[in-house]
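**Student:** Got a structure for you, questions after.
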Amino acid sequence: MKTLIVTGGSAGIGRQIAHRLASDDNEVVLVGRNTDRLKEAETSLVNDGLNCRTAPLDVRDADAVKHLVENLPRVDGVVNNAAGNFTARTIDLSLNGFRAVVEISLYGTFNFSTAVARRLIAEGRPGAMCNIITTYAWTGAPGVAHSAAAKGGMLAFTKSVAGEWGEHGIRVNAVAPGFVPTESATTHILSSPAAADRMLERIPLARFGRTEEIAEAVAFLMSEQAAYITGSVLTVDGGRSLGPSMHEMPSKQDLT
Ligand code: HXC
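Counting in the working numbering, the sequence shown runs from -18 upward without gaps.
Structure below.
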């Protein structure tokens, strides 16, 4: 049985990823800041007969990350899912606000990826990593420049270390979800029901994604089925990032 770490694993997409990976007969280590939420997620997984342990820590705390990764009985990979986010006009954003988001998403990914890679390389064992970015990592998006900067950094980091660690049998990929209306994303990102409707209009598959659909993509990339895939990004956004050209002429009506 492999041991896979999932950061931000107590809620939303992270919790679903943890559940999905554990269903594949992996032990999962849920990392998060909120002990109560971690315990609740752990109970839910254990009640489903799955193998799980929790690690309450802040992904920005490099020493705590190193201590965890060095002291787990076994480590085979990590899913870097923990993310900070909120919407703000960039000119109104404080340095601390920018820093908080970049440090959670990008530095957190650096902290866990390097700690896991160091251990795997020292033990001479292969491994897999998956970084949860989003499509605005390459498109950009107004109102979330801090998050886009972090996710763009994660994308470049993914490809860079995939090249560096491939010789050690460590695969590093990314999944880029579109908008998934989890409780946290809805609270922090959606300004109004009208904003949700505007987003929906631009999704060719005409609906938002589900946490299960993101987890499925992650499970694939973390599995042996993806043994020859590294440095790739799997976009799971219903076609949203295909862009506005999808909605330009000829319209769907013209084609019928
Ligand atoms: C402006 C804000 C803010 C807000 C926090 N800050 N929230 N600024 N608008 N809504 C500023 C604070 O004022 C402070 O700066 C700085 O950020 C740090 O805040 P703290 O609360 O001290 O820090 P911390 O708890 O470490 O982090 C706050 C946080 C984090 C970054 C907001 O709690 C967080 O991200 N929580 C939400 C996680 C989340 O929703 N993840 C899922 C995202 S879904 P000052 O200058 O005052 O000290 C997603 C989907 C993307 O990303 C869409 C895809 C298409």
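Note that CB positions come from ideal geometry on N, CA and C, so glycine has one too.
The structure presented is a predicted model; accordingly, all values stated were derived computationally and were not measured.
#1: DSSP puts R34 in a beta bridge; with which residues?
#2: With distances taken from CA atoms, which of V83, F93, C33 and G78 is nearest A45?
#3: Are A(-1) and G(-7) close, meaning C-beta to C-beta below 7 Å?
#4: To the nearest angstrom, report how far apart A122 and A129 are at their CA atoms.
#5: Which stretch, first to last residue, makes up the beta strand (DSSP E) that contains L215?
#6: Using the Cβ count rule (16 or more neighbours within 10 Å means buried), how would you classify A131?
#7: So, with DSSP's three-state summary, where would you put G108?
#8: Among the residues of its own chain, which have a CB less than 7 Å from the CB of T16, if the five just before and after it don't count?
#9: Which partner residues does T(-15) have in the DSSP bridge list?
#10: By a C-beta neighbour count over all protein chains shown, 10 Å radius and 16 as the cutoff for buried, is V27 buried or exposed?
#11: Have a look at T192, L181 and L(-15) and flag the residue whose alpha-carbon is nearest the alpha-carbon of T163.
#12: Please state if the CB of V156 and the CB of L215 are separated by a distance shorter than 7 Å.
#13: Expressed to the nearest angstrom, what Euclidean distance is found between the alpha-carbon atoms of T168 and A176?
#14: Just to confirm my understanding: we take G219, look at its own chain, exclude 5 residues before and 5 after, and list those with CB closer than 8 Å. What are they?
#15: Along the chain, where does the beta strand (DSSP E) that runs through P225 open and close?
#16: Just to check, is the beta-carbon of G124 closer than 6 Å to a non-hydrogen atom of the ligand HXC?
#17: Which residues bound the alpha helix (DSSP H) around V27?
#18: When you measure from the CB of T115 to every non-hydrogen atom of the ligand HXC, does any distance come out below 6 Å?
#19: Does the separation of the CB atoms of V50 and R100 fall below 7 Å?
#20: Based on Cα-Cα distance, which residue from S213, L74, V10 and N66 lies nearest to S165?
**Tutor:** Let me lay it out:
#1: V10
#2: F93
#3: no
#4: 7 Å
#5: V214 to V217
#6: buried
#7: strand
#8: P37
#9: It is Leu, not Thr, that sits at residue -15 in the sequence shown. Beta-bridge pairing links L(-15) to V9 and G58.
#10: exposed
#11: T192
#12: yes
#13: 13 Å
#14: G159, I184, P185, L186, A187, R188, F189 and G190
#15: That residue, P225, is in no beta strand (DSSP E); it is neither H nor E in DSSP.
#16: no
#17: T16 to N28
#18: yes
#19: yes
#20: N66
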